[in-house]
Amino acid sequence: MDAYAQVLQEGGARVLPVALHARMLASAGFPEIAERLTLVGLRKGADMSIYGAFGGALGKTDLLKVIEDYRQLFAQGRIDSLMVERYLALLVRVGAYAEVGRILDPALIRRHDLTDDRDGGTVVDPVEITRVLMEHRESGAYRGTFQAIRNSTRIDHVDRLPHPAIASLVRAVGERVERYRADLPPDAHVIMTNVPRRFRLESWCVISETDGYTVPHKHSHGWITCVFYPTAPAEALVSDDDQGALCIGRYDFIPDEAPGWRTIAVAPVPGQLVMMPSYAVHWTKPMKQPGLRIAVAIDICPEP
Numbered sequence: 001m002d003a004y005a006q007v008l009q010e011g012g013a014r015v016l017p018v019a020l021h022a023r024m025l026a027s028a029g030f031p032e033i034a035e036r037l038t039l040v041g042l043r044k045g046a047d048m049s050i051y052g053a054f055g056g057a058l059g060k061t062d063l064l065k066v067i068e069d070y071r072q073l074f075a076q077g078r079i080d081s082l083m084v085e086r087y088l089a090l091l092v093r094v095g096a097y098a099e100v101g102r103i104l105d106p107a108l109i110r111r112h113d114l115t116d117d118r119d120g121g122t123v124v125d126p127v128e129i130t131r132v133l134m135e136h137r138e139s140g141a142y143r144g145t146f147q148a149i150r151n152s153t154r155i156d157h158v159d160r161l162p163h164p165a166i167a168s169l170v171r172a173v174g175e176r177v178e179r180y181r182a183d184l185p186p187d188a189h190v191i192m193t194n195v196p197r198r199f200r201l202e203s204w205c206v207i208s209e210t211d212g213y214t215v216p217h218k219h220s221h222g223w224i225t226c227v228f229y230p231t232a233p234a235e236a237l238v239s240d241d242d243q244g245a246l247c248i249g250r251y252d253f254i255p256d257e258a259p260g261w262r263t264i265a266v267a268p269v270p271g272q273l274v275m276m277p278s279y280a281v282h283w284t285k286p287m288k289q290p291g292l293r294i295a296v297a298i299d300i301c302p303e304p
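In terms of the UniProt record's numbering, the sequence shown opens at residue 1 and continues consecutively.
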């Protein structure tokens, strides 16, 4: 099981038929192992529909069958970003644009000022958080190019750094996550509402100067992705071309006539927390002049 998880971690989640393997194990009389494999697949962002990888080759009648399979999985709380991506592609193919709009509801993207006690939660100190992260910069495991990151340094497990400023940030994010859940509208899509009560955090920070940026990507393991900015160049806050901005967009296969958010550009205001569904495609733009920008990413990952 550990070897299988490692393959998924290293990129196999998009191509391995994990759900089919789990179904075969269950049919062979190994239901407990099948369930363990299913949970590993969900933790690693695999598609747990046995049909998911074949949607592009199916006719419309079969597409409706696959859509129903995804809906049953979502009703069981078995949800991850790859499954949402493929489900959206199926909805587009059958013209179910209203449901696409519910999944891409702009109200699912929220912002909080964690320096303002009027926001109703723990207040954080961006200057102190910046100082702590810069002290740990040389411990960054990845520099230059890693996954979606370009020309930047990444430090993993920020939530484990033993400092009160970091503890306050983690607490503040947790409070806003609970509010996010409580404030979901009654008609919110099951993808967002049917999640387990238990979560784990996956956190890291990206330190960029001048030409650092990230390419379009989504987060495979999370339910909600939070991005906190402890510092950013002043130019990023007054730019008329969104330099240094966090951009939240949509998949290329979603047509313009489908409702939902388009591209939203968010300036990296120090102290600001941006919250979005982890299936949201997002990226950052480089700065055009020297300046330090730090983003702390925290994924809220369901524990099935």
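Beta carbons are placed, not taken as given, at the ideal position from N, Cα and C, and that holds for glycine.
ask   = Hey, which unbroken runs of the alpha helix (DSSP H) at 4 residues or more fall wholly within the segment 109 to 135?
value = Segments of the alpha helix (DSSP H) lying fully in the segment 109 to 135: 126 to 135.
query = What does DSSP give as the partner residues of glutamate 202 in its beta bridges?
reply = Asp299, per the DSSP bridge assignment.
request  = Check the C-beta distance from isoleucine 109 over to isoleucine 224 and give it rounded, since I have them as a contact under 8 Å.
outcome  = Contact doesn't hold; Cβ gap of about 10 Å is too wide.
key: Complete runs of the beta strand (DSSP E) confined to the segment 150 to 229 [at least 3 residues]   = Fully enclosed beta strand (DSSP E) runs of 3 or longer: 199 to 217.
request  = State the beta-bridge partners of valine 274 as determined by DSSP.
outcome  = Looking at the DSSP assignment, valine 274 forms a beta bridge with Arg111 and Val227.
task = Would you tell me roughly how many angstroms separate the C-alpha atoms of alanine 28 and aspartate 242, rounded to the nearest one?
result = Going from the Cα of alanine 28 to the Cα of aspartate 242 covers about 55 Å.
request  = Pull up the CB-CB distance for valine 123 and leucine 114, whole angstroms please, since I reckon it's below 8 Å.
outcome  = Confirmed, Cβ separation roughly 6 Å.
query = Looking at C-beta atoms only, is the number of pairs between the segment 81 to 101 and the segment 271 to 286 that lie closer than 8 Å three or more?
reply = Touching, yes, given that three or more Cβ pairs across the two stretches are closer than 8 Å.
ask   = Buried or exposed: where does alanine 98 fall if 16 or more other Cβ atoms within 10 Å of its Cβ makes it buried?
value = Answer is exposed; the Cβ neighbour count stays below 16.
key: Same chain, Cβ closer than 7 Å to phenylalanine 199, five either side skipped, listed in chain order   = So the qualifying residues of the chain are Ile300, Cys301, Pro302 and Glu303.
Residue from Thr214, Gly95, Cys247 and Tyr251 with nearest C-alpha to residue 312 = With the chain running from 1 to 304 in the structure shown, residue 312 is simply not present.
message = Per the DSSP calculation, alanine 265 is bridged to which residue(s)?
response = Per DSSP, Cys247.
ask   = So the alpha helix (DSSP H) serine 81 belongs to, where does it begin and stop?
value = Per DSSP, the continuous alpha helix (DSSP H) segment holding serine 81 begins and ends at 81 to 94.
task = Would you mind working out which of Met134, Arg118 and Ala167 sits nearest serine 152, comparing C-alpha positions?
result = Measuring from the Cα of serine 152, the nearest candidate turns out to be Met134.
query = So, is glutamine 72 buried or exposed, given that buried needs 16 or more other C-beta atoms within 10 angstroms?
reply = Result: exposed.
task = Along the alpha helix (DSSP H) that carries leucine 42, what are the first and last residues, could you check?
result = Per DSSP, leucine 42 belongs to the alpha helix (DSSP H) from 31 to 43.
key: Closest residue to isoleucine 155 among His163, Gln147 and His136 (Cα-Cα distance)   = Comparing alpha-carbon positions, the option among His163, Gln147 and His136 lying closest to isoleucine 155 turns out to be His136.
task = Sort Ala19, Gln76 and Arg171 by Cα distance to valine 40 and report the nearest one.
result = Each of Ala19, Gln76 and Arg171 was checked against the Cα of valine 40, and the nearest Cα belongs to Ala19.
Buried versus exposed call for proline 268 [16 or more other C-beta atoms within 10 Å across all chains shown] = Proline 268 counts as buried, since no fewer than 16 other beta carbons sit within 10 angstroms of its beta carbon.
request  = Verify whether the separation of the beta carbon atoms of cysteine 226 and threonine 284 is less than 8 Å.
outcome  = Contact flag unset, no.
query = In the structure shown, what three-state DSSP assignment does leucine 104 receive?
reply = Coil, per DSSP.
task = Determine the DSSP secondary structure at leucine 292, reduced to helix, strand or coil.
result = Three-state result, leucine 292: strand.
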